[in-house]
Amino acid sequence: MSKRYTVTAALIYANGPIHIGHLAGCYVPADIYVRYLRAKGAEVAFVSGTDEHGVPITIRAKKEGLTPQAVVDKYYTQIKQSFADFGISFDVYSRTSLPVHHETSQEFFKTIYDKEGFVEETSEQYYDEVAQQFLADRYIIGTCPVCANPNAYGDQCERCGTALSPLELKEPHSTLSGSKPVLKSTKNWYLPLDRMQPEIDKYVGSHTEWKTNVFGQCQSWLKEGLRPRAMTRDLDWGIKVPLPDTDGKVLYVWFEAPIGYISATKDWLIQKNGSDAGWETWWKDQETELVHFIGKDNIVFHCIIFPATLVAEGSYILPSNVPANEFMNLEGDKISTSRNWAVWLHEYLEELPGKQDVLRYVLTANAPETKDSEFTWKDFQTRNNSELVAIYGNFVNRAVVLTHKYCDGKVPARGELTEFDQETLASLADFPAKIAEAVENYRFREGLAVLMDLARLGNKYLAETQPWQVIKTDAERVNTIMNIALQIAANLSIVSEPFLPFTAEKLQQQLGLNANDKGVWQSAGRADLLPDGAAIGEAFLLFEKIEDSVIEKQIQKLHDAKKMNELATKSVPALKPTVQFDDFSKLDLRIGTILEAEKVPKSDKLLKFLVDDGFEKRTILSGIAKHFTPEEMIGRQVTFIANLAPRKIMGQESNGMILMAEDRDGSLSLLQPHKEVWAGASIS
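Heads up: the sequence shown is residues 13 to 696, going by our numbering.
Next up, the structure:
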């Protein structure tokens, strides 16, 4: 193992809440890895935070009618609390709006600038003449030249992952005004990636151990040939370029955001020690290993652009690994913040309290490590009930209950071991190394499967030895059986901690263990973790069965969100052809009062009304039975066409038409005066 580890998890835009796609993509695997390293006794700095600059922030601010600062303050607080409640064990969760980040980023830029590491270039950039401003990459949407995605951004297509420049988009348009942008000259500072390609080729080529999806995407990008990339932008929200005469220019978000890992480390040390002294150890010492956990949409930035800026600065270590995951989809569709098609972490924690580890388990068991995966609520329920409850929880509960029943709630001493006992203990000893190998190679799904096999080993041991039968004839033998079962449970509590920290803590407390000490992993695999005579706590369920009603509620919530999405895109009906005033004036619109109402026999749509029109009582039939009951219509005032020719409907004559407004979801609303008027009042 390395002397120390700097582990980063992606800086997420502070423009919305955390959802399960974020968790599965990088935060859960990063937390598993870090918790494992700490259990092994390694020095670790686990840093992350919110990315609070860039176009997504300003877009959200416009949408919510807030300032960019108000938006980032709102979502930083929510995101940080959600992570804490979910058990993501950051050493620091920082933010890029802090002065320490602005200073660090500007110093970084100035160092490269002073070394003549940038190329100053005046070029034509897209400009929105309606909004009167230059357009950053994410303010431009067009058709991807690679996969024909019509909603590709000016810096990247999120469908195929291709890195783009705005000029490569087909049919570009501004997200600010919707207009087609024009080209206008502006000066910016570029990182000459084309000149740096030999160094980047060498760096990437030396890491063939990277995951195939990561290494393959990097090789594809390098094969196309690197091009200079602007490290400044024409915007009013962001970190000011630290050069004279650069008003209206800020650092490119993908230049300064990864530097946020460095400033977050400083922030951590300031909070911890009162100063940032020693931060270089985590970023410049060759005995420190730097690991970035990200989603696949950020591969090129963390594997090529950020390493290139580190090389240009000249004093930093480079990432040793970037274990990026693919995407997790939801119930057959891509997770989308804008469409509200997501399982939001803060809502999950409120609606399924105490079930953090269930979600961690499901996201890890179905992690998109090599290809996109899918989250469904039915699978969530099945994995909880059939695996966590029926395998893990069942074994622990049986071991504890039987200990209280046969051994007075204390760890009994082992007697003579049978061949099966010895085989079981030998298998037990192998589990920590198998799990460690999987975790160290970023195969967290495999590590979790091995962990569950340990719980299966415990179940198998109890099923084979049957202490509930043996107690009738050989109490000493039962002592040995229960000792071994409890030692398996104790080991389970240690190796579970990276994956299921809340469960591990409960189990450790139940068994009287203190397994959160650094270096405790080295104890795993032993058969003497619990000393003879140690008291075992009362049995309680580590997991509970999740009922169908809970799952149906969550599925309905998604269906409601999909319906709202469909309604949001529904257009107002087109206007009908123009009519002359004389034609309109022929209509006699009146207010009437409903005196009687009833359903029309053999019709599920029609209601029959007796309406006071001010002169007499008339019958009007209306197809609104699916929206209103007869009882709720009695006494209502309605707008109706009084001079419509009589019409027979289902054998009954209707004398007029009641007018309704139809909402986007098809629901109907009455057209009523804001105060009661006399029956027969005319509308003009």
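All residues carry an ideal CB built from backbone N, CA and C; glycine is no exception.
Computed from a prediction, not measured in an experiment: that's the story for all the values here.
(message) Can you give me the C-alpha to C-alpha distance between residue 139 and residue 196, rounded to a whole angstrom?
(response) Against the sequence shown, residue 139 aligns to sequence position 127. Against the sequence shown, residue 196 aligns to sequence position 184. C-alpha separation (whole angstroms): 6 Å.
(request) Determine, using beta carbons only, whether residue 94 comes closer than 7 Å to chain D. (result) Considering every chain present, this structure includes no chain D. It has just one protein chain.
(request) Pick out whichever of 297, 265, 615 has its Cα sitting closest to the Cα of residue 637. (result) Counting from one through the sequence shown, the residue named residue 637 turns up at place 625. It is 615 whose Cα lies nearest to the Cα of residue 637.
(request) Quick one: residues in its chain with C-beta nearer than 8 Å to the C-beta of residue 231, no 5 flanking neighbours on either side, listed in chain order? (result) Start at 1 with the first residue of the sequence shown, and residue 231 comes out as number 219. Same-chain partners within the cutoff: 216.
(request) With a floor of 4 residues, list each alpha helix (DSSP H) that falls wholly inside the segment 393-463, ordered by position along the chain. (result) 406-418, 431-452
(message) I need the boundaries of the beta strand (DSSP E) containing residue 674, first residue and last residue.
(response) Here the question's residue 674 lines up with position 662 in the sequence shown. In the DSSP annotation of this structure, the continuous segment of the beta strand (DSSP E) that includes residue 674 starts and ends at 672-674.
(request) Whole angstroms is fine: what's the gap from residue 168's alpha carbon to residue 380's? (result) As a first step, residue 168 is located in the sequence shown; it is residue number 156 there, counting from the start. As a first step, residue 380 is located in the sequence shown; it is residue number 368 there, counting from the start. Roughly 21 Å separates the two Cα atoms.
(request) Could you please give me the residues that DSSP links to residue 17 through a beta bridge? (result) As a position in the sequence shown, residue 17 is number 5, starting the count at 1. Its beta-bridge partners are 56, 301.
(request) Could I get the ranges of all uninterrupted alpha helix (DSSP H) runs contained in the segment 280-352, with 4 residues as the minimum, in chain order? (result) 291-296, 318-325, all fully within the segment 280-352.
(request) Measure the C-alpha to C-alpha separation of residue 224 and residue 233 and round it to an integer number of angstroms. (result) As a first step, residue 224 must be located in the sequence shown, where it is residue number 212. As a first step, residue 233 must be located in the sequence shown, where it is residue number 221. So the two alpha carbons sit approximately 14 Å from each other.
(request) Using DSSP bridges, identify the partner residues of residue 61. (result) In the sequence shown, counting from the first residue as 1, residue 61 sits at position 49. BP columns for residue 61 point to 106.
(request) Return the first residue and the last residue of the alpha helix (DSSP H) that residue 489 is part of. (result) By 1-based counting over the sequence shown, the position of residue 489 is 477. Residue range 487-508 is occupied by the alpha helix (DSSP H) that includes residue 489.
(message) Taking the straight line between their C-alpha atoms, what separation do you get for residue 93 and residue 374?
(response) Looking up residue 93 in the sequence shown gives position 81. Looking up residue 374 in the sequence shown gives position 362. Straight-line Cα distance between these residues: approximately 21 Å.
(request) With distances taken Cα to Cα, identify the nearest neighbour of residue 104 among 515, 135, 74, 56. (result) Residue 104 sits at position 92 when you count from the first residue of the sequence shown. The option with the nearest alpha carbon to residue 104 is 56.
(request) For the beta strand (DSSP E) containing residue 12, list its first residue and its last residue. (result) Since the first and last residues shown for the chain are 13 and 696, residue 12 lies out of range.
(request) Please report how far the alpha carbon of residue 249 lies from the alpha carbon of residue 122, in whole angstroms. (result) Within the sequence shown, numbered from 1, the residue matching residue 249 stands at position 237. Within the sequence shown, numbered from 1, the residue matching residue 122 stands at position 110. Cα to Cα, residue 249 sits roughly 19 Å from residue 122.
(message) Cutting at 6 Å between CB atoms, please list the residues of its own chain near residue 314, excluding the five before and the five after it.
(response) The residue you call residue 314 lines up with position 302 of the sequence shown. Correct list, in chain order: 304, 306, 334.
(message) As a quick exercise: from 26, 297, 17, 78, pick the residue whose alpha carbon is nearest that of residue 6.
(response) Outside the shown range of the chain (13 to 696) lies residue 6, about which nothing can therefore be said.
(message) Going by DSSP, what residue range makes up the alpha helix (DSSP H) through residue 479?
(response) On the sequence shown, residue 479 is found 467 positions in, with the first residue counted as 1. Looking at the DSSP string, the run of the alpha helix (DSSP H) that includes residue 479 is 479-482.
(request) Would you identify the three-state DSSP class for residue 681, choosing helix, strand or coil? (result) Within the sequence shown, the letter at position 669 stands for residue 681. DSSP places residue 681 in strand when its eight states are reduced to three.
(request) Please go through the same chain and pick out, in chain order, the residues whose beta-carbon is closer than 7 Å to the beta-carbon of residue 477, but skip the five residues on each side of it. (result) Within the sequence shown, residue 477 is the residue found at index 465, counting from 1. These residues qualify, in order along the chain: 493.
(request) Within 10 angstroms of the Cβ of residue 268, are there 16 or more other Cβ atoms? Answer buried if so, exposed if not. (result) Position 256 of the sequence shown, counted from the first residue, corresponds to residue 268. Its Cβ being crowded by 16 or more others within 10 Å, residue 268 is buried.
(message) Once the 5 residues before and after residue 159 are set aside, which same chain residues still bring their CB inside 7 Å of it?
(response) Here residue 159 corresponds to residue number 147 of the sequence shown, with the count starting at 1. Here the set comprises 169, 171, 172.
(message) Need the endpoints of the alpha helix (DSSP H) that residue 623 sits in, please.
(response) In the sequence shown, counting from the first residue as 1, residue 623 sits at position 611. That residue, residue 623, is in no alpha helix (DSSP H); its beta strand (DSSP E) goes 619-624.
(message) Taking the alpha-carbon of residue 75 as reference, which of 28, 206, 470, 525 has the nearest alpha-carbon?
(response) As a position in the sequence shown, residue 75 is number 63, starting the count at 1. Of the candidates 28, 206, 470, 525, the one whose C-alpha sits nearest the C-alpha of residue 75 is 28.
(message) Within 8 Å, do at least three Cβ pairs link the segment 271-280 to the segment 104-116?
(response) yes
(request) Pair every Cβ in the segment 645-661 with every Cβ in the segment 562-579, then say whether three or more of these pairs are closer than 8 Å. (result) no
(request) Would you list the one or two residues that DSSP bridges to residue 631? (result) Here residue 631 is taken as the residue at index 619 of the sequence shown, counted from 1. Answer is 622, bridged to residue 631.
(request) Return helix, strand or coil for residue 253, following the three-state DSSP convention. (result) Sequence index remark: in the sequence shown, residue 253 carries index 241 (1-based). Coil at residue 253, not helix or strand.
(request) Helix, strand or coil for residue 523, going by three-state DSSP, please let me know. (result) Your numbering for residue 523 matches position 511 in the sequence shown. It is helical.
(message) Going by the DSSP bridge assignment, what does residue 669 pair with across the sheet?
(response) Residue numbering aside, residue 669 sits at position 657 when the sequence shown is read from its first letter. In DSSP, residue 669 forms a bridge with 653.
(message) Are there any heavy atoms of the ligand MN lying less than 6 Å away from the beta-carbon of residue 141, as far as the coordinates show?
(response) For the structure depicted, the ligand MN is absent and the ligand set is empty, with no information on it obtainable.
(request) Return helix, strand or coil for residue 471, following the three-state DSSP convention. (result) On the sequence shown, residue 471 is found 459 positions in, with the first residue counted as 1. Residue 471: helix per DSSP, three-state reduction.
(request) Please go through the same chain and pick out, in chain order, the residues whose beta-carbon is closer than 7 Å to the beta-carbon of residue 254, but skip the five residues on each side of it. (result) Along the sequence shown, read from residue 1 onward, the residue named residue 254 stands at position 242. So the list reads 118, 121, 122, once near-sequence residues are dropped.
(message) Quick check: the segment 238-248 against the segment 190-205, are at least 3 beta-carbon pairs closer than 8 Å?
(response) yes
(request) State yes or no: is the C-beta of residue 414 within less than 7 Å of the C-beta of residue 479? (result) As a first step, residue 414 must be located in the sequence shown, where it is residue number 402. As a first step, residue 479 must be located in the sequence shown, where it is residue number 467. Yes; because the gap between Cβ atoms is below 7 Å, this pair is in contact.
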